[in-house]
Amino acid sequence: MEKHGITFGIGFGTAMAMIISYTHLHSLLWMAIHGLLSWVYVIYFILLRPY
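Counting from 1, position 46 in the sequence shown corresponds to residue 45 in numbering that gives the first Met the number 0; the numbering is continuous, with no gaps.
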């Protein structure tokens, strides 16, 4: 049960990072890089995005 939750969390974080990156920057290269960083980029975007 724990492995399923961990796998889902990593996949969801990667997908979210890639969607945020592409809608914000419109670049496939940055989308791939932010997908590798996954949750690190998502947390960075939430905390430091301009309002």
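C-beta atoms are modelled at their ideal positions from N, C-alpha and C, and glycine is treated no differently. Every value quoted in this text rests on a predicted model; they were computed, and no experiment measured them.
Just curious, the alpha helix (DSSP H) that His33 is in, first and last residue? Locating residue 33 in the sequence shown gives position 34, where the first residue counts as 1. For His33, the enclosing alpha helix (DSSP H) has its first and last residue at 27-36.
Looking at the structure shown, is Met0 part of a helix, part of a strand, or coil, going by DSSP? Position 1 of the sequence shown holds residue 0. Low per-residue confidence applies at Met0: pLDDT is 49, beneath 50, and the placement is therefore not dependable, though the value from the model is reported in the following sentence. Coil, per DSSP.
Look at the alpha carbon of Gly10 and the alpha carbon of Met17, and state the distance between them as a whole number of angstroms. What you label residue 10 is simply residue 11 of the sequence shown in a count that begins at 1. What you label residue 17 is simply residue 18 of the sequence shown in a count that begins at 1. If I take the Cα positions, the gap works out to 11 Å.
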